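Enquirer: Before I ask anything, let me first share the structure, which is written out below as structure tokens.
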Amino acid sequence: MCLATSKHGWPYCRPVIVVDGSALKARFGGMLLAACGHDANGSIFPLAVGIVPSESNESWKWFFEKLRDSIGTRESLAIVADMHKGIEYAANLVYPDAAFGICVQHLAANLKTRYKDFKGPLKTYFEGASRSYLLSEHQRHM
């Protein structure tokens, strides 16, 4: 579901779509899929939501197709998500020209789980690189 206000406001947002899924634990179960953008003030701008039986490749493909049908596509579009393979698969199918990126918060959580020593200088370098706006600044932290 994409509200008319979201359709009309999307062209004035940054060309970045952030997507995620959340389990519905109520009586009927399923997954709530959501897509948001960032408006000119840097605030979260809801674009669309959908309820699917499970978080699968097919579910994400359906969601991205409905999203594209509602808001279209944009030049220099970037899609950001967690590391669920179904999201990247579907995003690349439906938005082949879009750049795909992993959410830094999810990546940091994954690094903390895999590397118990993810603190001190390593964490400082990671945070600096992930918050850099310029390539030269990013490379300095690497």
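For reference, each letter of the sequence shown is one residue, going 1 to 142 in full-length UniProt numbering. For each residue, glycine too, the CB sits at the ideal point set by N, CA and C. Fair warning: this is a prediction, and the values are worked out from it, not measured in the lab.
Once DSSP output is grouped into helix, strand and coil, what is the label at residue 59?
Expert: One-based indexing of the sequence shown puts residue 59 at position 59. Note: residue 59 maps to helix in three-state DSSP.
Enquirer: Going by alpha carbons, who is nearest to residue 63 out of 74, 29, 1, 136?
Expert: Reading the sequence shown from its first residue, position 63 is the one you call residue 63. Comparing Cα positions, the closest option is 1.
Enquirer: Just tell me which of 88, 7, 10 has its CA closest to the CA of residue 99.
Expert: In the sequence shown, residue 99 corresponds to position 99, counting from 1. Answer by Cα proximity: 88.
Enquirer: Just curious, the beta strand (DSSP E) that residue 100 is in, first and last residue?
Expert: Indexing the sequence shown from 1 puts residue 100 at position 100. Here the beta strand (DSSP E) through residue 100 covers 99 to 102.
Enquirer: For the alpha helix (DSSP H) that residue 22 lies in, which residues bound it at each end?
Expert: For the purposes of this step, residue 22 is taken as the residue at position 22 of the sequence shown. Element bounds for residue 22: not the alpha helix (DSSP H) but the beta strand (DSSP E), 16 to 23.
Enquirer: So residue 44 and residue 30 are supposed to be a Cβ contact under 8 Å. How far apart are they, rounded?
Expert: Here residue 44 refers to the residue found at position 44 of the sequence shown. Here residue 30 refers to the residue found at position 30 of the sequence shown. 23 Å between Cβ atoms; not a contact.
Enquirer: Residue 80 bridges to which residues according to DSSP?
Expert: Residue mapping note: residue 80 aligns to position 80 of the sequence shown, counting from 1. In the DSSP output, where bridge partners are listed per residue, residue 80 has 18, 101.
Enquirer: At 4 residues or longer, what runs of the alpha helix (DSSP H) sit wholly inside the stretch 83 to 139?
Expert: Counting whole runs of 4 or more residues, the stretch 83 to 139 contains the alpha helix (DSSP H) stretches 85 to 94, 104 to 114, 121 to 130.
Enquirer: Taking residue 110 as the reference, give the member of 121, 84, 93, 131 with the closest Cα.
Expert: Indexing the sequence shown from 1 puts residue 110 at position 110. It is 84 whose Cα lies nearest to the Cα of residue 110.
Enquirer: Where does residue 130 land, buried or exposed, given buried means 16+ other C-beta within 10 angstroms?
Expert: In the sequence shown, the residue the question calls residue 130 occupies position 130. Under this definition residue 130 is an exposed residue.
Enquirer: Confirm, please, whether the CB-CB distance from residue 107 to residue 16 is below 9 Å.
Expert: Translated into the one-based positions of the sequence shown, residue 16 becomes position 16. Translated into the one-based positions of the sequence shown, residue 107 becomes position 107. No.
Enquirer: Going by DSSP in three states, residue 50 sits in which element: helix, strand or coil?
Expert: The sequence position of residue 50 within the sequence shown is 50, counting from 1. Residue 50 falls in the strand class under three-state DSSP.
Enquirer: Rounded to a whole number of angstroms, what is the C-alpha to C-alpha distance between residue 58 and residue 86?
Expert: To locate residue 58, count along the sequence shown from 1; it is residue 58. To locate residue 86, count along the sequence shown from 1; it is residue 86. Roughly 8 Å separates the two Cα atoms.
Enquirer: To the nearest angstrom, report how far apart residue 91 and residue 26 are at their CA atoms.
Expert: Counting from 1 along the sequence shown, the entry for residue 91 is found at position 91. Counting from 1 along the sequence shown, the entry for residue 26 is found at position 26. Distance between the alpha carbons of residue 91 and residue 26: 28 Å.
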